[in-house]
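Heads up: the protein sequence lines correspond to chains A and B, in order.
Residues 10 to 271, numbered by the working numbering, are exactly what the first sequence covers, in order.
Residues 136 to 373, numbered by the working numbering, are exactly what the second sequence covers, in order.
Glycine included, each C-beta is placed from N, C-alpha and C at the ideal position.
All of these numbers come straight from a predicted model, not from anything done at the bench.
A quick write-up on the structure given underneath.
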Amino acid sequence: MDDGLINVEWLNVIIALGLVAVAIGLSYFQGFGIEKDLIVGVIRSVLQLAILGWLLVYVFNIQSIWLTVLILVAMGLIASFTAKGRMKRPYPGAIPVLWISITAGSFFSLAYITILSFSDPVALTPRYLIPLGGMAIGNVLNGITLASERFHRELKSQKDMIEVLLSLGADAYRAAAEPMRHAFTAALIPTINALMVIGLIQIPGVMVGLVMSNQDPQVAARYQLMIMFMLVGAKVISVTLGLRLSLKKYFTPEHQLRSELL
Amino acid sequence: MDVLFEFRSVSFSAPSRDKGGNSTRIIEDASFQIERGKFTVISGPSGAGKSTLLRLFNRLADPTSGDILLDGKNICEYPVMDLRRRMGWVPQVPVRFNGTVEDNLRLPFTISKAHKYSGAEIKSAIDELKGLKLLNDELYTRKADDLSVGEAQRLNLLRSIALKPGILLLDEPTSALDPETSDVLLTQIDRIQKERELTTIMVSHRPDEVKRVGEQVIRIKNGIVRTDGEIAGDLPNG
């Protein structure tokens, strides 16, 4: 290929693995005790990415929009189970709430970016949709996990305050406004920080990929910006939706805080 | 007897915290009446279900079975937000919102979407609250966070009566206070109850408080509720 990208074989990957071996060795000799997690992590990442690589070749060949959507839906579902698994005390019915929120935010932003922003039929092929969708879903997963955890913690610690507000005639939404604001901020801070320092300290992944494959750095920068904006949009929509829907779980229709869930 | 509240075979079970777990029975088949304008104390050992019982009055929780009547009508028939605004609520540990003491007193007038007040109405209501002299004048412009616990609980008392409710619910309001501050607060609660002819329902586990302010006493032990008219001596165990 003349795109300047070095062809990487499994041997190259195995050599890179040497660094992980160093990490495992250090952890062992220092007694940090993360060797097992590292090994499991490496095995999982090798398997998952090898399968993904294989799957993408297959999907790119088929070029089916429905298969693409199916894969994205499945990714959203996996993300919902992962998010629920990370919650210390998941509320009943968490999976549908998480799935709707994660899917709505990431699908809307993905559609917006590919249809309106790229505005090119090529953007609606699996080669674009799957990596971009995966990024959106992964990013939203982190956001919604942070938000859910923080929301639960705030509701628990602010129980008295919430009940004073309810007793003054506030509805559930008003009574939980402060916990919701804290949860939203907690989820968005990493994204806002990333926007602030982007390109100053770290060159983000997509740009790295494009620059290494010999693309014009200015085009690469524009790609990166569009993706960042997609991630912001996806996260804000998903987190807002997730918080609003989970609010209905934490309160009864009669605006009573369900303390058994806290 | 002018009955304001009537509990008819009210039971309450706390839903299980764990999936598939059993719920815990907290109040068992309670039937009693609360007289209008009287100071009622709900007393009993800690963990007996006193606070849970209090929360049923303003529907911060609902009974698992049985009916609660307010002025002869089931409390579920009143719009829940309006029902709550008819009752002041003072929590165990004082709650302070961001801003000054005066901001905290303004909150009851701004929190509800359904009820709107003009600036002049709010100002006159707050002036009236200041007139009760529960807090020193210079405190009203201070940050609520800078108040002592005793002052903060008096702020909670003021905030709870800002909407001029006819009923005052207090959940162990002195539990976070030292004896001296408790005494001051209790005197003030008693004074406001008399001046405003409030039906006051207060949770307390302290016999001295029960004796001092309680015109009617509701005793609760292991979920069994008795009014003082019904019992002679102590409750049976279990």
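query: Cβ contact (3+ pairs, closer than 8 Å) linking the region 120-129 of chain A and the region 186-203 of chain A; result: no
query: Within 8 Å, strictly: CB atoms of A/THR123 and A/ALA113; result: no
query: Three-state secondary structure (DSSP) of B/LYS208; result: strand
query: Bridge-paired residues (DSSP) for B/SER200; result: B/SER146
query: Whether A/ALA92 touches A/ILE146 by CB criterion (8 Å); result: no
query: Selection of the region 138-169 of chain A by Cβ proximity to chain B, strictly under 7 Å; result: ASP169
query: Chain A contact for B/HIS340 (CB, 8 Å cutoff); result: no
query: Test: B/MET375 CB closer than 8 Å to a CB of chain A; result: This structure does not reach residue 375 of chain B, given that chain B is present from 136 up to 373, and the question cannot be answered.
query: C-beta neighbour in chain A for B/SER253, strict 8 Å; result: no
query: Three or more C-beta pairs below 8 Å linking the region 208-228 of chain A and the region 84-104 of chain A; result: no
query: Own chain partners of B/ILE261 with C-beta closer than 6 Å, once the 5 adjacent residues on each side are dropped; result: LEU240
query: CB contact check: B/SER101 to chain A, cutoff 8 Å; result: For residue 101 of chain B there is no data in the structure shown, the boundaries of chain B being 136 and 373.
query: Whole-Å CB distance - B/PHE142 paired with B/ALA165, under 8 Å assumed; result: 5 Å
query: The region 169-183 of chain A: positions lying closer than 8 Å to chain B by Cβ; result: ASP169, MET170, GLU172, VAL173, LEU174, LEU175, SER176, LEU177, GLY178, ALA179, ASP180 and ARG183
query: Per-residue DSSP class, three states only, for B/GLY234; result: coil
query: Spatial distance of A/TRP19 from A/LEU150 (CA atoms); result: 30 Å
query: Residue nearest to B/SER225 in terms of C-alpha spacing, selected from A/ASP169, A/ILE74 and A/LEU250; result: Rather than Ser, the amino acid found at residue 225 of chain B in this sequence is Val. The shortest C-alpha separation from B/VAL225 is found at A/ASP169.
query: Pick from A/LEU65, A/ARG159 and A/ILE109 that is closest to A/ARG3, judged by C-alpha positions; result: Shown here, chain A extends from 10 to 271; a query on residue 3 of chain A therefore has no answer.
query: Backbone CA spacing between A/TYR232 and A/SER255 [nearest angstrom]; result: 34 Å
query: CA-to-CA distance, A/ARG183 to A/LEU174, given in whole angstroms; result: 8 Å
query: Coil, strand or helix - A/GLN211 by DSSP; result: strand
query: A/GLY94 - DSSP class collapsed to helix/strand/coil; result: helix
query: Residues in the region 178-207 of chain B having any Cβ partner in chain A nearer than 9 Å; result: ARG190, ASN193, ARG194, LEU195, ALA196 and ASP197
query: Helix, strand or coil at B/ARG160 according to DSSP, with G and I counted as helix; result: strand
query: Alpha-carbon to alpha-carbon, A/ILE43 and B/GLN288; result: 49 Å
query: Simplified DSSP assignment, three categories, for A/LYS168; result: helix
query: Proximity to B/LYS299 [Cα-Cα], best of B/GLU307, B/LEU264, B/ALA279 and B/ASN193; result: B/LEU264
query: B/LYS265, DSSP secondary structure in three states; result: helix
query: Neighbour flag for B/MET337 against chain A, beta carbons, 8 Å; result: no
query: Close Cβ partners of A/ASN148 (< 7 Å) along its chain, the five nearest in sequence each way excluded; result: LEU240, ALA243 and LYS244
query: Span of the beta strand (DSSP E), counted from its first residue to its last, around B/ASP306; result: 302-306
query: Sub-8 Å separation of B/PRO198 and B/SER151 beta-carbons; result: no
query: Cα-Cα separation between A/GLN39 and A/LEU28, rounded to whole angstroms; result: 16 Å
query: Residues of its chain near B/THR335, where Cβ-Cβ distance is below 6 Å and the 5 sequence neighbours each way are ignored; result: PHE174, LEU303 and GLN328
query: Helix, strand or coil at B/PHE174 according to DSSP, with G and I counted as helix; result: strand
query: Local Cβ density within 10 Å of B/PHE244, reported as buried at 16 or more and exposed below that; result: buried
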